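Single-structure report; data block below.
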Amino acid sequence: MKKNLKWVGLGILVLAAVIVIASRVNLQLVRPKTPNANQVGESVTVGKIKWTAANPEKKDELYLDDDPYKAIKAVGVFVTVDLTAELTGGESDIVDSSQFAIVDSKDRVFKPTDKFQAYGNLRSIYLKKVELKAPVTGKAIFDIPSDAGGLKLQISDFRSKSSEKGFIELGF
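Quick note on numbering that gives the first Met the number 0: the sequence shown kicks off at 0 and runs consecutively.
Written as structure tokens, this is what we have:
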């Protein structure tokens, strides 16, 4: 009986030591860090689309129809990014909001907001058809927490079975 109690005590001690060590070591077991990112203005090819990001901005509110009386306030802060998509080969496809996310320095992932898809003045890139020799442009719009920093735009491939992604450093 004393022998078993001795082993149980030793097991608890080892388990406690492992917990203490694991809590002091920064282990990334949940999600790997995002790979290096291109800079704003540089192109990144994801699948069959060459993407270029420009003019990233943070704003507390956006205006519908350019009317200051039609302001929509962000829950956190709006991040807008102008995008150009150019098909490099293959069949045409439609840009979908699910292809985009913003990843911050804490590896939190934020999806685009859908508040503005119906307003033409904000020129959303979503639901535009990308064809050969006919680049399309538009904005991706996100509502993210105010404390998010080290932001990277994540662009996923059109193809549903592809896990290919590209990243663009937004500069804030």
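In this text, a Cβ means the ideal position worked out from N, Cα and C, and glycines have one as well. A quick note: this is a predicted structure, and the numbers were derived from the prediction, not measured.
task: Can you check the region 71-137 for any alpha helix (DSSP H) of at least 4 residues that lies completely inside it and give the ranges in chain order?
output: List check, alpha helix (DSSP H) in window: nothing returned.
task: Check the DSSP bridge columns for G165 and list the partner residues they point to.
output: Position 166 of the sequence shown holds residue 165. BP columns for G165 point to I154.
Residues near T79 in its chain [Cβ-Cβ closer than 6 Å; skip 5 each side]: Taking the first residue of the sequence shown as 1, we reach residue 79 at position 80. Within the same chain, Cβ atoms closer than 6 Å to the Cβ of T79 are found at E56, K138 and I140, the five residues on either side in sequence being excluded.
message: Pairs of beta-carbons, one from the region 58-76 and one from the region 141-148, closer than 8 Å: are there three or more?
response: yes
query: Is the beta carbon of T87 less than 7 Å from the beta carbon of P134?
result: On the sequence shown, residue 87 is found 88 positions in, with the first residue counted as 1. On the sequence shown, residue 134 is found 135 positions in, with the first residue counted as 1. Contact: no.
query: Should I167 be labelled buried (16 or more other beta-carbon atoms within 10 Å of its own) or exposed?
result: Taking the first residue of the sequence shown as 1, we reach residue 167 at position 168. Buried is the call here.
task: Pull up the distance between the alpha-carbon of A36 and that of K114, whole angstroms please.
output: Residue numbering aside, residue 36 sits at position 37 when the sequence shown is read from its first letter. Residue numbering aside, residue 114 sits at position 115 when the sequence shown is read from its first letter. Approximately 27 Å between the Cα atoms of the pair.
task: For the beta strand (DSSP E) holding V43, just list the boundary residues, first then last.
output: Walking along the sequence shown from the start, residue 43 turns up at place 44. Counting along the chain, the beta strand (DSSP E) containing V43 begins and ends at S42 to V45.
message: I'd like to confirm the pairing. Which residues does DSSP put opposite D142 in its beta bridges?
response: One-based indexing of the sequence shown puts residue 142 at position 143. Residue pairing by DSSP places D142 opposite F77 in a beta bridge.
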